[in-house]
Amino acid sequence: MSASNVYERTMKHIFTWEGGYVDHPNDPGGATNYGITRQTLANWRGKPSIPKQEVKDLSYNEAAQIYRANYWNKILGDDLPPSIAMLMMDAAVNSGPGAAIKTLQRAVGALGEKIKVDGAIGPNTLRAVRQIDEEKLLNEFVVRRGVFYGSLKTFTSFGLGWARRLVSGARLAHSILTDSRNGATEPAEPVENPADTPANNAPSIVEPSPLLPANISLKRHFFDERGIQVYGSFFQLWGGWITAGHVIRQMLNTSPPFASGQQILYPGQMDAALMGCTIPDQQPRAPVIGQKIVVAGYPAGSSTPSFREAEVYMQRPQTTDWIATISSPAEPVVVGMSGGVVYDATSKAIVGILITRNSPADLDADGRADQNFDFVAMYDVWNQLRTFPPVGV
């Protein structure tokens with residue numbers, strides 16, 4: 312059974328539970344369609360905001376594309392056994408990819424495969440999953456998902472809805488497993504329609520996990536041409552895409568496919584590159600020494616972004632580069648993360664561009680070497696582009 316077929320069947324199940332267009336005055340998310348909020352749709356389309364009518368007119372196909380990017384790809388759905396991919400996707404939408412991955416890892420561990428429960432899926436988790444009988448793992452995942460629901464304080468209010476969704480998903484997963492083993496591609500039985508049931512109003516449960524804020528879109532690109540191989544991270548801002556200047560130069564001044572055809576701007580001598588961006592009227596806030604920030608980027612060869620919590624240390628003298636010290640995890644940024652996004656830990660506002668890893672140094676004089684990195688602030692990028700004509704390619 313193809314991954315695309317599994318995804319289509321999974322999305323029919325999810326859209327049944329997430330519902331159609333809703334604009335409840337007491338819902339802080341505002342207008343929602345297919346479970347996609349107005350702000351999420353605006354972010355997807357690269358706009359600061361959109362009218363409610365665009366949410367109402369959201370097509371099934373575009374909604375499925377958004378779910379694929381925000382959830383399916385983050386759980387590596389194409390690489391999982393079909394029935395497990397279906398259950399993981401439903402759990403990721405309902406509780407967040409990190410929570411879904413942890414449930415999978417705990418289920419794998421309970422079935423005898425040693426695996427770290429860290430909410431990040433990669434080669435080790437996939438390898439362990441493939442060592443276990445798919446049906447046994449399916450059943451263990453469902454049980455652990457039910458235990459998770461039962462542990463929540465709001466279970467007495469919304470538990471019936473969550474339980475119905477879990478049972479519906481388990482039935483579909485078993486159907487997919489049977490069809491996969493028999494070589495079939497069509498559903499053996501229709502997906503239940505729980506609409507019109509009061510329990511369908513049960514909310515999603517999001518467990519804290521290392522996920523990008525809703526206002527940030529981050530992508531990776533591997534450049535492999537003319538004997539040159541380069542990994543880089545890119546994020547959306549100002550209507551276009553941004554990365555470190557050295558990443559684009561190493562890619563022979565070639566934009567990644569998602570920014571194809573957009574002019575590349577290099578702001579002065581800064582290690583920054585902007586593709587298709589329109590400089591806003593309002594200047595971003597400058598970094599502040601001691602400010603808590605987070606940096607996110609894709610390590611080389613990884614389909615999952617990596618995060619570092621950090622603190623602004625200082626601006627380098629006579630340059631526009633800033634230094635930040637890493638607090639958690641106490642690991643350096645790695646190859647491929649260059650060009651990643653730096654954002655405020657509290658407001659989630661984008662602060663700058665990750666440009667380079669520095670050698671460990673005892674910057675806070677506590678006797679221990681600190682992992683640290685340099686970044687370019689969007690405050691300085693804005694100032695440069697407003698003050699001097701940009702150099703484009």
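Counting in this note's numbering, the sequence shown runs from 312 upward without gaps. We treat Cβ as the ideally placed atom computed from N, Cα and C, and that holds for glycine. Note that the coordinates shown come from a computational prediction; the quantities given were computed from them, not determined experimentally.
State the DSSP-derived secondary structure class of G407, mapped to helix, strand or coil. For the purposes of this step, residue 407 is taken as residue 96 along the sequence shown, with counting starting at 1. Reduced to three states, the DSSP call for G407 is coil.
Please name the residue in V645, S658, F686 and A641 whose C-alpha comes closest to that of A680. Residue numbering aside, residue 680 sits at position 369 when the sequence shown is read from its first letter. Per the Cα distances, A641.
May I ask you to list the residues that DSSP assigns as paired with V623? Stepping through the sequence shown from its first residue, residue 623 is reached at position 312. Its beta-bridge partners are A635.
What are the boundary residues of the beta strand (DSSP E) that includes W552? Here residue 552 refers to the residue found at position 241 when the sequence shown is read from its first residue. First-last of the beta strand (DSSP E) with W552: G551 to T554.
With a threshold of 16 other CB atoms inside 10 Å of the CB of E445, please say whether the residue is buried or exposed. By 1-based counting over the sequence shown, the position of residue 445 is 134. Answer is buried; the Cβ neighbour count reaches 16.
In this structure, what does DSSP give as the bridge partners for G663? As a first step, residue 663 is located in the sequence shown; it is residue number 352 there, counting from the start. The partner list for G663 (beta bridge, DSSP) reads V653 and A688.
Is T465 helix, strand or coil by DSSP? The count along the sequence shown starts at 1 and reaches residue 465 at position 154. In the structure shown, T465 sits in coil (DSSP, three-state: anything other than H, G, I, E or B).
Boundaries (first-last residue) of the alpha helix (DSSP H) holding F326: Within the sequence shown, residue 326 is the residue found at index 15, counting from 1. Element bounds for F326: A314 to E329.
Residue(s) in a DSSP beta bridge with G709: Any question about residue 709 goes unanswered here, given that the chain covers just 312 to 704.
Give the straight-line distance between the Cα atoms of T396 and R482, rounded to the nearest whole angstrom. Here the question's residue 396 lines up with position 85 in the sequence shown. Here the question's residue 482 lines up with position 171 in the sequence shown. Position check: residue 396 holds Ala in this sequence, whereas Thr was assumed. Near 14 Å, if we compare the C-alpha coordinates of R482 and A396.
Closer than 6 Å by C-beta to I412: which residues in its own chain qualify, once you throw out the five before and the five after it? Chain order, please. For the purposes of this step, residue 412 is identified with residue 101 of the sequence shown, where counting begins at 1. Closer than 6 Å at the Cβ level, and outside the excluded window around I412, lie G430 and I432.
In this structure, does DSSP put N669 in helix, strand or coil? In the sequence shown, counting from the first residue as 1, residue 669 sits at position 358. Here N669 sits in strand by DSSP.
Could you name the residues of the same chain whose beta carbon sits closer than 7 Å to that of L522, not counting the 5 residues immediately before and after it, in chain order? Stepping through the sequence shown from its first residue, residue 522 is reached at position 211. Here the set comprises G407, P408 and G409.
Do you know offhand how far P501's Cα is from Y460's? Along the sequence shown, read from residue 1 onward, the residue named residue 501 stands at position 190. Along the sequence shown, read from residue 1 onward, the residue named residue 460 stands at position 149. Residue placement at P501 cannot be trusted, given a pLDDT of 40 that sits under 50; the coordinates are not used to answer.
By Cβ distance, which residues of its chain are closer than 6 Å to A287, with the 5 residues on each side in sequence left out? Nothing about residue 287 can be read from this structure; the chain reaches only from 312 to 704.
Buried or exposed: G601, going by 16 or more other Cβ atoms within 10 Å of its Cβ? The sequence position of residue 601 within the sequence shown is 290, counting from 1. With fewer than 16 other Cβ atoms within 10 Å, it is exposed.
Would you report the Cα separation of V440 and S360, rounded to the nearest angstrom? As a first step, residue 440 must be located in the sequence shown, where it is residue number 129. As a first step, residue 360 must be located in the sequence shown, where it is residue number 49. Their backbone Cα atoms lie some 41 Å apart in a straight line.
Apart from the five residues just before and just after G579, which ones in its own chain have a Cβ nearer than 7 Å to its Cβ? Position 268 of the sequence shown holds residue 579. The answer, listed in chain order, is Q695 and F699.
Considering only the alpha carbon of each residue, which of G470, T343, T554 and N435 lies closest to T667? Here residue 667 refers to the residue found at position 356 when the sequence shown is read from its first residue. Among G470, T343, T554 and N435, the Cα nearest to that of T667 is on T554.
Pull up the DSSP beta-bridge partners for R531, would you. As a working mapping, residue 531 is identified with position 220 in the sequence shown. R531 is bridged to S544.
Under the rule that 16 or more other beta-carbon atoms within 10 Å means buried, what is Y624, buried or exposed? Position 313 of the sequence shown, counted from the start, is the residue given in the question as residue 624. It is buried - the Cβ of Y624 has at least 16 other Cβ atoms within 10 Å.
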